[in-house]
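Report on one structure; see the data block that follows.
In the numbering used here, the protein residues as written are 384 to 870.
Okay, structure coming up:
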């Protein structure tokens, strides 16, 4: 009887393996309908920083020297061989073209420092997945104007070619984060305030770093976290993204390594997305969850730094609910605040928004056990486009409302994951009304193509998604207040 059960179990397992293999093979064949891979999808740059490079004698100067070798390699392997054809006109890999990321003052794909004459504090800023240090540029400038030494570190695999994300590991990002934090603390000394900021995947890495610092005295603990659309939780399917490797090692199925293959016209963000990037992003969230459980069990969360988070109630990239439940729901101090930008609740839009009744304020208002301050930026009334700040203090059900001098722009029904850290005047992702003339390329945030569907080589959803935050002035005001409190 036992032998029969073992045989049956073996047959079932064999059948399951066959079914999964067949499905993955069908997926691999389906991937061949995607556009052909270009050199920036297949070339491997060998000068990139890896976690194994980090040791006690490896410093920021070494990281920047290695980064210089990486960009020299990028120039040799990608830029120099390109033929100047019509198809390449708006490619970020056309040297001297309108989308060339090498601006006159510097290439914002690379790590950069802002050093004030009189240093009053320090900040390490971490950008998001497929992004570059450019996404932290505005926040860096705000901190710099207030006397903060700012280091915006390029995370491994970013700022060069999408193929770099096919081999990167999340531990490489973690190691770079630790290097950056160590450098900032050494640069400013032990007495000045240290801020750690992160956008999207960088936000998840920032939280993971602070959790590790609770148990490792060699990691300097930040006094404050600034998070923008933090990646605390993503779709669980990302856990299985690397299953393509069953067939992806075969050159015929090379496209199966990618979730999307698109033309690379964005100077500071990859448009193509490899499956390994999704797998590594999920690994960050898994490590973060484990870190939160560990800190909670050890009763260390009372020593966790204060967090100020800005996010959109609707987010197609990360789970807003994960930030609320897995992060803020476990906090054990009263020093944190969660700022949620609600959807546009004007009555005329309600029929077009199925989730219009899922107000973050309504869902959280009655909970008197929140250990953090909750702020919701939402319409003053269903008949108005003007916004108000509705704030609920920790362990309270009283909501204080303050009208704000801002309104929803025409045609905007919500913010988005990618909009939060960018000001409207941003020359690349802004509204196109900027007076800044250092950028000669496409104003991607202002593009509104009209015509027939399925004609453009890039998906229309990429242009429709809001790329800048029309309420960024509010964020800037709040950050200044946070700085005032720390100094």
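Yeah, the Cβ is synthetic: ideal placement off N, Cα and C, and Gly gets one too.
Given the structure is predicted, the values throughout are model-derived calculations rather than measurements.
| Asked | Found |
| --- | --- |
| Reduced DSSP category for residue 536 - H, G, I as helix; E, B as strand; rest coil | strand |
| Simplified DSSP state of residue 804, which is helix, strand or coil | coil |
| Cβ neighbour criterion (16 or more within 10 Å) applied to residue 783 | exposed |
| Rounded straight-line distance, which links the Cα of residue 658 to that of residue 430 | 22 Å |
| Helix, strand or coil at residue 782 according to DSSP, with G and I counted as helix | strand |
| Neighbourhood of residue 693 by C-beta, 6 Å cutoff - its chain only, sequence neighbours within 5 removed | 611, 722, 803 and 858 |
| Span of the beta strand (DSSP E) around residue 769 | 769-775 |
| Sufficient close CB pairs (3 or more, under 8 Å) joining the stretch 601-618 to the stretch 535-544 | no |
| Buried versus exposed, by CB contacts within 10 Å (16 or more), residue 758 | buried |
| Residue from 519, 532 and 767 whose Cα sits closest to the Cα of residue 497 | 532 |
| Identity of the residue in 486, 426 and 567 nearest residue 453 by Cα | 426 |
| Contact the stretch 790-806 vs the stretch 444-460: 3+ CB pairs below 8 Å | no |
| Helix, strand or coil at residue 423 according to DSSP, with G and I counted as helix | helix |
| Within 8 Å, strictly: CB atoms of residue 752 and residue 724 | no |
| Residue 490, DSSP secondary structure in three states | strand |
| Residue 791 to residue 813 span [Cα, whole Å] | 15 Å |
| Beta-carbon proximity of residue 663 to residue 552, cut-off 8 Å | yes |
| Cβ-Cβ separation, residue 607 to residue 688 (assumed contact under 8 Å), whole Å | 6 Å |
| Three-pair Cβ contact test at 8 Å for the stretch 588-596 versus the stretch 513-521 | no |
| Residue 762 - containing beta strand (DSSP E), residue span | 756-762 |
| As assigned by DSSP and simplified to three states, the class of residue 673 | helix |
| Residue 667 (DSSP reduced to helix, strand or coil) | helix |
| Coil, strand or helix - residue 860 by DSSP | helix |
| Under 8 Å between C-beta atoms of residue 834 and residue 850 | no |
| Buried versus exposed call for residue 647 [16 or more other C-beta atoms within 10 Å across all chains shown] | buried |
| Paired residues, beta bridge with residue 657 - DSSP | 641 |
| Assumed close pair residue 754, residue 717 - CB separation to whole angstroms, cut-off 8 Å | 6 Å |
| Rounded C-alpha distance that separates residue 633 from residue 418 | 17 Å |
| Contact under 8 Å by Cβ, residue 473 with residue 839 | no |
| Same chain, Cβ closer than 6 Å to residue 675, neighbours up to 5 away in sequence not counted | 713 |
| Span separating the alpha-carbon of residue 545 from that of residue 649 | 12 Å |
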